[in-house]
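Residue numbers (UniProt numbering), protein chains in the order written: chain A, 1 to 451; chain B, 1 to 442.
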Amino acid sequence: MSDAEQPTDDHVPGAEEEEFEPIQVFPEAEEMDLRPGADNCYKCSTCDTNCPVAEVDDEFPGPKFQGPEQWRLKRQDDHDIDDSVMKCSNCMRCDSACPSEVPLSQMHNTARGEYVEEQMDTFSREYLRNRILANYRRLAPLAAAFPRTANFVMGLSVTKWMGEKLLGITSERDFPEFATETFREWWTKRGGAKVENPDKRIAYFHGCYSNYNTPEVAKALVRVYEHFGYEIMVPDQSCSGTPMFANGMLEDARRAAETNVRELAAALEDGADIVASCSSCSMSLRQEYPELFDFENTESVAENTWDAVEYLRVHEDLEGELEGRSVDGDEFDDFAYHAPCHSRNQGLDGQTIEVLSVIDGIEAHDVGDSCSGISGTYGWKEENYETSMKIGEEMFEHMDAADAETGLTECPTCSMQMEHGTGYEIKHTLEVLEAALVGSGSAASGRREAG
Amino acid sequence: MAIEDDVLVIGGGLAGATAALAAADAAPDVRVRLVTYKQSTLRHASGLIDILGYAPDSPEEGPLVDPFDALSDLPEGHPYERVGSDAVREALAFFDDVAGDAYAGDHTDANALVPTHGGTVKPTARYPVSTADGLASDDRDALLVGFETLPDFEAPLAAAHLEAAGAPFSARGATIPFPGVVRDDAKVTRYAHLLDQDETVTTGAGETGAREALATTVAERLGDESRVGFPAVLGDEHAAEVRADLAAALGADVFEVPMGPPSLPGMRLEDLLYDALEEAGVRVTSGVPVIDYETAEADAVAADGGSGGDRIERVVVDRNGTEIPYRADQYVLATGGLVGKGVRSERERVFEPIFDCHVPHAADRYDWFVDDVFGDQPYARFGLASDRELRPLDADDEPEFSNLRAAGAVLGGYDFAAEKSGAGVSLATGYVAGTRAGEEAE
């Protein structure tokens with residue numbers, strides 16, 4: 001037996017008899033400490049080649065610097081977080097790039113939180129703007145109460161001009177339209193679940209966007225799941241937290257997460273699995289919550305959260321059910337499909353193409369693996385608009401080249417960018433499934449307009 | 001329910017992609033899926049396809065002229081010995097088909113000598129067309145161009161090394177600023193993107209496209225040389241166009257010198273393979289690890305004829321904490337070696353993490369390595385032992401599972417870094433494992 005298997009310590013008499021315990025190199029962490037993870041980075045730089053921001057922005061030093069290198073520097077307490085961390089768009093592509101399991105996006109989220117907490121002036125225009133963007137969920141109810149007025153005001157060029165001059169929100173983009181009836185209003189009006197089934201039950205995490213802006217996506221989920229005999233619960237919920245992580249507003253995110261974990265854990269108690277239709281929401285519940293928070297039940301909520309389509313693939317014979325079905329109407333023709341970064345990171349990038357290939361008469365063309373560039377609130381900031389469009393250029397080119405004039409994706413902000421860059425109308429996979437499984441007649445009303 | 005397929009390939013590198021393509025090719029009606037955890041290590045790869053550059057037992061004799069000549073002398077257990085040299089040839093022909101005109105070198109069995117970024121020459125069987133004009137056997141004089149902001153390629157040093165190594169031409173190096181890049185540590189993708197999109201950059205001469213600006217800067221240094229070598233960052237999606245534009249503006253042939261990781265030629269090879277997978281109808285699931293497996297009930301194994309070992313019923317994929325079952329009839333394990341983490345080690349043992357297949361290694365970890373850093377390191381050969389069907393073998397030389405095959409660096413018995421055989425072994429074993437899996441699943 002070698003001495004490394006049973007090491008001895010010559011300086012300590014009698015140490016040979018004691019059981020060997022490896023040395024604890026790092027002290028027991030009392031708060032988030034990512035330095036040990038930094039040591040797994042062997043600087044292969046693969047993450048840097050996946051960073052859509054570093055590819056087009058000469059100022060951005062890339063994920064390897066933002067993550068492991070920054071946390072190494074911080075071993076000495078006199079280093080501040082580098083302000084370039086605010087240029088990271090939180091696409092999280094570096095995570096699946098890393099061959100060495102370095103928790104890159106967790107490092108970025110934590111660094112951003114620390115930067116905002118300790119270095120950003122809370123009276124600055126940037127802080128105010130970021131807080132407003134990150135907390136869209138807080139403003140949305142007001143707009144949703146007066147959707148027509150809100151849409152009118154937000155569409156005014158003077159509003160956009162003021163947004164850019166006062167807040168640094170780009171005037172290039174059109175604000176998303178608010179639906180005249182939110183999903184939750186519709187849900188209450190219809191009297192909640194139409195199917196009762198103690199054996200097949202899901203809790204739907206609809207997120208903000210499909211509630212306030214695209215309720216047709218949420219309704220599609222309801223109809224598809226009811227088609228398979230599921231009882232649907234719609235628990236109280238807050239924002240998933242994604243825009244807050246991306247802006248370093250970790251305290252806001254913590255409050256939102258606490259509500260979500262509590263409500264969703266209660267749904268689990270009632271025998272439901274959690275299902276989300278937005279890929280950033282599911283990413284947040286599944287990966288970011290356990291990485292950043294430790295409320296009771298955070299882990300069980302993460303482990304029991306599913307992407308809406310994948311859940312049906314695993315629990316039902318979704319493809320068998322779709323076999324031989326076709327979709328009526330011109331609006332469901334071929335699609336130019338973009339897999340959002342947060343779908344990609346969950347291993348779901350090929351799913352939509354696979355599932356839709358079974359349906360007769362429509363085909364979804366993958367428009368490649370580039371990032372759309374908007375990354376939630378990122379592309380809304382005046383200073384990022386140009387970068388955001390440069391990143392998206394490859395996707396726009398591929399969408400133009402694809403044999404389709406309707407876009408398809410599962411991410412609300414990707415769909416904004418796809419529409420903005422190409423003028424295509426954008427749909428969600430669940431809407432196509434709804435049309436194939438229960439007919440498109442009911443879906444046609446309340447559909448959002450392109451442009 | 002589970003996600004259902006006929007052949008499931010685990011691992012998305014050269015071996016895994018080849019296995020999936022070969023399975024789809026061998027049995028067109030069979031549904032093939034590839035599951036890969038992290039992005040493949042192809043991004044670390046030079047993009048060169050080596051079969052065998054040096055004989056494993058006599059590397060000091062220098063690079064091999066004909067790799068196929070040497071295959072019959074390989075020791076028992078070497079992956080090439082397992083599959084046989086005919087399979088190596090078939091696999092290479094299969095690759096040539098997939099690569100089309102993106103790769104060169106198929107006109108001869110002899111190894112080509114490709115200059116690398118350190119100024120050494122590497123014996124290789126196939127090379128990207130972007131490096132074709134740079135071969136060391138070509139006697140035209142060459143200008144090597146490096147960029148001030150890209151420290152990985154020191155052009156004057158590489159040129160001096162090439163001449164010292166006896167290249168039959170004179171090489172000269174020049175270091176220039178890259179128009180449009182000011183960051184000291186700009187990413188290789190940044191250079192590629194500027195050229196790909198021909199973005200407008202500002203130089204002393206005003207605003208021009210990046211390609212023209214680069215050519216103008218280089219032209220000032222160009223002498224009588226009829227070819228110019230750049231580090232391999234000349235575009236990504238539109239690489240051929242970038243090279244052609246530069247060559248036209250310079251009046252000289254343009255080639256790329258393969259670089260260390262992360263590597264654009266490796267990424268382009270990855271794109272080429274994944275386009276081929278899409279074309280072949282292979283379903284790809286990426287970003288999630290396979291973490292576990294379940295075997296079939298005992299009676300199902302008996303019904304199968306008991307062809308050695310258990311039968312894998314399904315594997316479990318971890319989707320950020322949620323466990324998703326994937327079922328197939330045949331499985332191929334192509335998860336890479338120690339670097340790709342298909343083989344892992346702890347203080348007490350070396351192991352294969354998904355199926356816990358047997359990895360032969362000494363019990364005492366002090367026997368895993370030798371003190372000479374460049375010596376014949378035992379750990380470099382760590383990996384699974386297999387039968388000629390490429391089924392991993394347990395400690396008693398029996399197949400671990402009747403429906404599992406292994407391919408690529410997860411296999412042991414060879415030192416790809418020393419013998420320059422990494423890509424060739426991945427191709428040959430991926431081809432054989434995929435073909436057999438496809439045939440058996442049919």
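Ideal placement from N, C-alpha and C gives every residue a C-beta, glycine not left out. These numbers were taken from a predicted model, which means no experiment stands behind them.
| Query | Result |
| --- | --- |
| 7 Å CB neighbourhood of glycine 146 of chain B in its chain, flanking five on each side removed | Phe153, Glu154, Ala155, Gly173, Thr175, Pro231 |
| At least three beta-carbon pairs within less than 8 Å, the segment 44-54 of chain B to the segment 261-268 of chain B | yes |
| Three-state secondary structure (DSSP) of leucine 73 of chain A | helix |
| For serine 372 of chain A and proline 61 of chain A, the rounded distance between their alpha carbons | 20 Å |
| Continuous alpha helix (DSSP H) stretch holding phenylalanine 147 of chain B: start and end | Per DSSP, phenylalanine 147 of chain B belongs to no alpha helix (DSSP H); it is in the beta strand (DSSP E), 142-147. |
| Interface flag, methionine 283 of chain A vs chain B, CB-CB below 9 Å | yes |
| Cutoff 7 Å; reference valine 301 of chain B; Cβ partners in own chain excluding five residues on either side | Because valine 301 of chain B sits at a pLDDT of 48, beneath the cut-off of 50, its placement in the model cannot be relied upon, and the following sentence gives the value as read from the coordinates. Asp310, Arg311, listed in sequence order. |
| Where leucine 142 of chain A falls, given that 16 or more other Cβ within 10 Å makes a residue buried | exposed |
| Ranges of the alpha helix (DSSP H) found wholly within the segment 394-448 of chain A, counting only runs of at least 4 | 412-422, 429-438 |
| Whole-angstrom C-beta distance between glutamine 417 of chain A and isoleucine 374 of chain A, which should lie under 8 Å | 4 Å |
| Beta-carbon proximity of arginine 405 of chain B to alanine 428 of chain B, cut-off 9 Å | no |
| Any 3 or more C-beta pairs closer than 8 Å across the segment 202-213 of chain A and the segment 417-426 of chain A | no |
| Rounded separation between arginine 447 of chain A and proline 198 of chain A - CA only | Note on arginine 447 of chain A: pLDDT 39, under 50, position unreliable in the model; no value is reported. |
| DSSP state of histidine 365 of chain A mapped onto helix, strand, coil | strand |
| Interface partners of aspartate 349 of chain A on chain B, CB under 7 Å | Ser286 |
| Helix, strand or coil at serine 58 of chain B according to DSSP, with G and I counted as helix | coil |
| Beta carbon of glycine 53 of chain B nearer than 9 Å to that of lysine 420 of chain B | yes |
| Interface positions of the segment 259-283 of chain B facing chain D (Cβ-Cβ less than 8 Å), listed along the chain | Looking at the structure shown, chain D is missing, and the protein chains on hand are A and B. |
| Beta-carbon contacts of cysteine 98 of chain A that lie in its chain and below 7 Å, excluding the five residues immediately before and after | Thr46, Cys47, Leu104 |
| Rounded Cβ spacing between alanine 54 of chain A and arginine 243 of chain B (contact assumed at less than 8 Å) | Rounded, the Cβ-Cβ distance is 23 Å, inconsistent with contact. |
| Straight-line Cα distance separating phenylalanine 401 of chain B from glycine 306 of chain B | Residue confidence is low: glycine 306 of chain B scores 47 on pLDDT, short of 50, so the model does not pin down where it sits. Its coordinate-derived value is still stated next. The straight-line gap from Cα to Cα measures roughly 10 Å. |
| Three-state class that DSSP yields for arginine 436 of chain B in the structure shown | helix |
| Cβ contact (3+ pairs, closer than 8 Å) linking the segment 50-70 of chain B and the segment 60-77 of chain A | no |
| CA-to-CA distance, arginine 129 of chain A to glycine 376 of chain A, given in whole angstroms | 14 Å |
| Nearest-angstrom beta carbon gap, serine 277 of chain A and histidine 206 of chain A [assumed within contact, 8 Å] | 7 Å |
| Neighbouring residues, chain B, relative to asparagine 109 of chain A (Cβ below 7 Å) | Neighbours of asparagine 109 of chain A on chain B: none; closest Cβ ~15 Å, over 7 Å. |
| From A:Ala256, A:Val275, A:Asn297, residue whose alpha carbon lies closest to that of glutamate 269 of chain A | A:Asn297 |
| Touching by the beta-carbon criterion (3+ pairs, under 8 Å), the segment 217-229 of chain A and the segment 247-263 of chain A | no |
| Valine 114 of chain B to cysteine 239 of chain A span [Cα, whole Å] | 55 Å |
| Minimum Cβ-Cβ distance from glycine 340 of chain B to chain A less than 9 Å | yes |
| In chain order, each alpha helix (DSSP H) run of at least 4 residues that lies wholly inside the segment 243-295 of chain B | 264-279 |
| Whole-number beta carbon distance between alanine 276 of chain B and aspartate 6 of chain B, since they are thought to touch under 8 Å | Wrong, their Cβ atoms sit about 19 Å apart, outside the cutoff. |
| Length of the line joining the Cα atoms of residue 446 of chain B and alanine 159 of chain B | Beyond the ends of chain B as shown, which are 1 and 442, falls residue 446 of chain B; an answer cannot be given. |
| Inter-stretch contact (C-beta, 8 Å, three-pair minimum) for the segment 213-227 of chain B and the segment 134-143 of chain B | yes |
| CA-to-CA distance, arginine 131 of chain A to phenylalanine 123 of chain A, given in whole angstroms | 11 Å |
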